[in-house]
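Going by numbering that gives the first Met the number 0, the sequence shown wraps up at 152, each residue one higher than the last. Note that beta-carbon positions come from the ideal geometry of N, C-alpha and C, so glycine has one too. These numbers were taken from a predicted model, which means no experiment stands behind them.
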Amino acid sequence: MPVLATVTPDRLIEFVLNHYILSLALIVVTYLLIQELFDAALKKFGFVSPLLAVTKMNNGSTVVLDVREHDEYQKGHIEGAINLPFSRIKDQITSLDAYKSNQILIVCQDGTRSSSAAKLATKAGLKEVFVITGGMQSWQEDYKLPIKVNRKK
């Protein structure tokens with residue numbers, strides 16, 4: 000029967016000193032995993048795919064908030080979306096108070112600005128906030144969903 004070696008503090012210190020790169024990697028990976036768990040537990044908004052977003056929009060009480068800049072919005076947007084550029088959202092977040100009882104779907108071009116906007120929206124008191132994953136890029140290119148284009152006359 001094999002004899003298992005016991006781990007003593009002296010042997011542990013010896014291992015860490017001999018394999019400091021592995022030990023450092025273990026500490027970094029453990030820290031990142033714990034940080035991810037806390038972020039997921041404390042996040043007050045969710046993520047939905049464009050197809051699930053369409054399902055929520057068919058509910059009728061869902062509001063789509065497009066946080067792209069006005070020129071991006073004019074090139075094509077989701078039908079009925081409210082344009083509130085991310086650069087002005089902090090100043091105009093109170094304009095969303097009327098939608099506190101609605102589900103809010105937030106979209107940007109690729110999904111990066113909408114996550115930051117969702118954090119601001121939940122801090123402002125909006126309860127059901129969702130980010131459309133992949134943004135308008137995914138909406139148009141991956142899922143081929145319709146958009147409304149404003150034509151200049």
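Where residue i falls, given that 16 or more other Cβ within 10 Å makes a residue buried
{"i": "S113", "result": "buried"}
{"i": "G133", "result": "buried"}
{"i": "D96", "result": "exposed"}
{"i": "L31", "result": "exposed"}
{"i": "L104", "result": "buried"}
{"i": "L64", "result": "buried"}
{"i": "Y72", "result": "buried"}
Residue closest to residue i, alpha-carbon to alpha-carbon, out of the options
{"i": "M56", "options": "N101, Q73 and F14", "result": "N101"}
{"i": "F129", "options": "K118, I77 and A123", "result": "K118"}
{"i": "L50", "options": "L144, R150 and V148", "result": "L144"}
{"i": "Q136", "options": "N149, Y98, D109 and A120", "result": "D109"}
{"i": "V66", "options": "S60, N82, T54 and G59", "result": "N82"}
{"i": "E122", "options": "F44, Y72, N58 and E140", "result": "Residue identity check: residue 122 is Lys in the sequence provided, not Glu. Comparing Cα positions, the closest option is F44."}
Integer-rounded CB distance, given that residue j should sit under 8 Å from residue i
{"i": "I77", "j": "V106", "result": "7 Å"}
{"i": "A52", "j": "I131", "result": "5 Å"}
{"i": "S22", "j": "V28", "result": "Going by Cβ atoms, the distance from S22 to V28 rounds to 11 Å, so no, they are not a contact pair."}
{"i": "S94", "j": "E68", "result": "Not really, about 17 Å apart at Cβ, beyond 8 Å."}
Exercise for review: Indicate whether the contact test is met: 3 or more Cβ pairs, each with one atom in the region 2-10 and one in the region 89-100, closer than 8 Å.
Suggested key: no
Check your understanding: Mind pulling the beta strand (DSSP E) runs of 3 or more residues that sit fully within the region 36-93?
Key -> 45-47 and 61-65
Point to revise | Completely contained beta strand (DSSP E) runs for the region 96-136, where each covers 3 or more residues | key: 102-106 and 127-131
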